[in-house]
Each structure stands twice: as structure tokens, then as C-alpha cells.
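See structure below.
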Amino acid sequence: MTPAGTARAADTERATLDKAAAENFPVAPFFLPRAWRTDLMAVYGFARLVDDIGDGDLAPGGADAALLGVSPDQAEDRPALLDAFETDLHRVFDSVPRHPLLRRLQPTVRRRALTREPFLALIAANRQDQLVKRYETYDDLLAYCELSANPVGRLVLAVTGTASPERIRRSDAICTALQIVEHLQDVAEDLGRDRIYLPAADMKRFHVQEADLAAPTAGASVRALIAFQAERARDLLREGTPLVGSVQGRLRLLLAGFVAGGRAALDAIAAAEFDVLPGPPRPGRLRLLREAGVTLRGEG
Numbered sequence: 405m406t407p408a409g410t411a412r413a414a415d416t417e418r419a420t421l422d423k424a425a426a427e428n429f430p431v432a433p434f435f436l437p438r439a440w441r442t443d444l445m446a447v448y449g450f451a452r453l454v455d456d457i458g459d460g461d462l463a464p465g466g467a468d469a470a471l472l473g474v475s476p477d478q479a480e481d482r483p484a485l486l487d488a489f490e491t492d493l494h495r496v497f498d499s500v501p502r503h504p505l506l507r508r509l510q511p512t513v514r515r516r517a518l519t520r521e522p523f524l525a526l527i528a529a530n531r532q533d534q535l536v537k538r539y540e541t542y543d544d545l546l547a548y549c550e551l552s553a554n555p556v557g558r559l560v561l562a563v564t565g566t567a568s569p570e571r572i573r574r575s576d577a578i579c580t581a582l583q584i585v586e587h588l589q590d591v592a593e594d595l596g597r598d599r600i601y602l603p604a605a606d607m608k609r610f611h612v613q614e615a616d617l618a619a620p621t622a623g624a625s626v627r628a629l630i631a632f633q634a635e636r637a638r639d640l641l642r643e644g645t646p647l648v649g650s651v652q653g654r655l656r657l658l659l660a661g662f663v664a665g666g667r668a669a670l671d672a673i674a675a676a677e678f679d680v681l682p683g684p685p686r687p688g689r690l691r692l693l694r695e696a697g698v699t700l701r702g703e704g
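Numbers given in the numbering used here equal positions in the sequence shown, counted from 1, plus 404.
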């Protein structure tokens with residue numbers, strides 16, 4: 405790779421990793437051991453990039469496509485990019501990957517003995533996004549979250565060497581809750597991509613039409629639907645919260661941050677009176693810290 409190409413690759417890698425600051429939960433906070441931070445950021449880089457490919461949110465100029473060996477005329481072809489990304493993922497385990505974020509991931513995979521399955525699930529979720537634009541039932545949505553969200557929590561447990569069947573079950577509940585919260589925050593943005601993650605059966609129950617989701621502000625029926633889905637997410641967070649008390653030390657702080665991020669985001673949605681259509685309600689840092697304290701004390 406030429407010096408200019410190396411610089412572009414580094415810029416592309418950094419642009420993806422910098423998105424960690426905008427997430428609802430802490431990705432690799434300063435208080436963790438350096439080795440954990442390194443590995444969690446490597447996992448985050450993979451997860452963020454595959455989502456950006458699936459959403460069409462890559463940086464302009466086709467740098468990521470070029471790094472994956474995709475021709476310029478396919479730089480906007482999301483299925484082709486996901487195929488190339490999956491091929492490059494297999495190189496993480498077999499040889500030398502092309503993309504800098506996957507080269508960053510390779511030492512983590514080897515150090516932590518990570519398997520392909522959770523990474524492949526995240527790619528499968530984004531493939532599904534290209535084909536499935538609506539979900540009929542809540543169970544259908546949960547099956548999607550099994551691919552799109554739960555692998556991330558399982559990877560966190562694997563990186564920190566704390567996985568067990570019970571912890572995985574609790575982690576899955578937390579990750580699904582966080583995914584639902586993100587969907588609630590991003591109803592308008594998702595609709596702009598012709599995607600709706602509010603189950604059709606629930607929309608019918610609350611007398612919500614798709615056109616209602618395109619309004620500048622939410623009417624009473626939409627607010628009631630969002631409140632209903634928010635309570636489901638809160639129930640999942642309650643189910644998953646015992647995971648925090650099952651570990652010790654700095655990992656406990658990290659997991660409390662995940663739960664607190666979800667709770668604080670739900671509080672922000674409630675504070676907006678469940679009107680998510682003008683834009684994503686976001687919690688302030690003080691609210692996040694308060695919720696982290698509540699979680700660590702085992703309250704709520």
C-alpha cells in the first residue's frame with residue numbers, strides 16, 4: 405500500500421472508532437485494563453463498521469470498499485460489500501485481512517480464542533436489513549436482535565473471560581433491550597431507510613399507521629406504542645441486571661454502564677413524553693452516572 409493509501413486507511417479506521425463516543429453505553433472506558441480496552445475497541449470497530457455497511461453510512465469516497473477489494477462501481481452495493489467483509493473476516497482466522505479494522509481485530513481473536521460465530525451473526529443481521537424492512541411480531545423482532553445485538557454482549561464476556569450459560573442469558577436480555585431502545589430513539593431515521601422495527605402487530609393494536617411515524621411529532625397513539633415498547637425494554641434490562649452483580653471489579657463497572665446507558669436512554673424517552681419523532685431523545689451524562697450508581701447498588 406502506498407503512503408497515501410496507508411494514510412487513507414488510518415483515517416477510515418479512526419473515523420469508525422471515533423463513533424464510540426456517541427453510543428448509549430460505554431465501549432471501552434478508561435478504568436478498564438489496557439488489554440481489555442484494546443480488545444473491546446477492536447470488537448467495537450468490527451461491529452460499528454458492519455452496521456455502517458448495512459446502513460449505507462460509510463465515509464464518502466469508497467475507501468472502505470477499496471480496502472475490501474470491491475470495485476468502485478460496487479462501492480454502494482451493500483450486499484456486495486457485506487460479502488466482501490465476510491470474506492475478509494474469514495481471513496482474520498485463516499490468513500491476513502485487508503481492512504485495517506479487521507487487522508486490528510486479528511490479535512484480539514487470537515489472544516481471546518474468539519470464534520467466528522458471533523461475528524458472522526452480526527453480518528447476517530445486516531444482510532437481513534437489506535431484505536426485511538418490517539417485523540410482524542415481537543418474537544420476530546427478538547429473533548433479529550439475536551443476530552444484531554446479542555453477539556456483542558457474548559463477545560464482551562468472551563474477551564473478559566467471564567462467559568457462562570447464565571451470564572450469557574442475562575447478557576442477551578441486556579443487549580436485546582439496548583437494541584430495542586436504539587430502535588425507539590431512531591424511529592424517524594429508520595423510516596427514512598424504509599425500515600420499521602416496531603412490530604406490525606403492536607402498531608395495529610395501538611392503531612398506528614406507517615404514515616403516523618412520518619409526522620413531525622408523535623400523536624397520542626404513537627406515544628402509547630412507544631411507551632409500550634419502552635416498558636418491554638425496561639423489563640429486559642431488569643432481567644439482565646443480575647449479570648452486574650455476578651462479576652467483580654472493573655468488569656462490574658463496565659456492565660453497570662451498559663445497563664445504566666439503557667435505563668438513562670429510556671428515561672430520556674419518557675422525559676420527551678415518548679415523542680421520538682423530532683429526533684432521538686438522549687440522556688445527559690449526569691443521568692447516566694446516577695443510573696450507574698443505582699445499578700451498582702442493586703436497586704431498580
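No residue lacks a Cβ here, since even glycine has one placed at the ideal position from N, Cα and C.
Spatial distance of residue i from residue j (CA atoms)
i           : j           : result
residue 605 : residue 633 : 12 Å
residue 675 : residue 501 : 45 Å
residue 405 : residue 414 : Per-residue confidence for residue 405 stands at a pLDDT of 48, beneath the threshold of 50, marking its modelled position as unreliable; the derived number appears in the next sentence. Using only the alpha carbons, I get a separation of about 12 Å.
residue 571 : residue 528 : 24 Å
residue 660 : residue 700 : 6 Å
residue 631 : residue 599 : 20 Å
residue 438 : residue 432 : 9 Å
residue 646 : residue 436 : 20 Å
residue 693 : residue 683 : 23 Å
residue 579 : residue 455 : 15 Å
residue 537 : residue 601 : 8 Å
residue 695 : residue 639 : 16 Å
residue 408 : residue 466 : Confidence at residue 408 is low in this model, with a pLDDT of 43, below 50, so the placement of that residue should be treated as unreliable; the coordinate-derived value is given next. Cα to Cα, residue 408 sits roughly 15 Å from residue 466.
residue 449 : residue 506 : 8 Å
residue 480 : residue 460 : 7 Å
Neighbour-count burial assignment, residue i, 16 or more Cβ in a 10 Å radius
i           : result
residue 541 : exposed
residue 685 : buried
residue 680 : buried
residue 533 : buried
residue 568 : exposed
residue 559 : buried
residue 464 : exposed
residue 689 : exposed
residue 611 : exposed
residue 697 : exposed
residue 522 : buried
The alpha helix (DSSP H) enclosing residue i, as first and last residue numbers
i           : result
residue 666 : 653-675
residue 523 : 521-535
residue 681 : From DSSP, residue 681 is part of no alpha helix (DSSP H); its letter is neither H nor E.
residue 587 : 569-589
residue 646 : 646-649
residue 375 : Since the first and last residues shown for the chain are 405 and 704, residue 375 lies out of range.
residue 555 : 554-563
residue 692 : 689-700
residue 608 : 604-609
residue 469 : 467-471
Beta-carbon separation (whole angstroms), residue i vs residue j, contact threshold 8 Å
i           : j           : result
residue 589 : residue 549 : About 15 Å; that fails the 8 Å criterion.
residue 526 : residue 552 : 7 Å
residue 471 : residue 416 : 7 Å
residue 496 : residue 486 : Wrong, their Cβ atoms sit about 15 Å apart, outside the cutoff.
residue 575 : residue 557 : 4 Å
residue 491 : residue 453 : Not a contact, Cβ separation roughly 14 Å.
Reduced DSSP category for residue i - H, G, I as helix; E, B as strand; rest coil
i           : result
residue 544 : helix
residue 511 : helix
residue 479 : coil
residue 495 : helix
residue 490 : helix
residue 415 : helix
residue 407 : Low per-residue confidence applies at residue 407: pLDDT is 42, beneath 50, and the placement is therefore not dependable, though the value from the model is reported in the following sentence. In the structure shown, residue 407 sits in a helix (DSSP, three-state: H, G or I).
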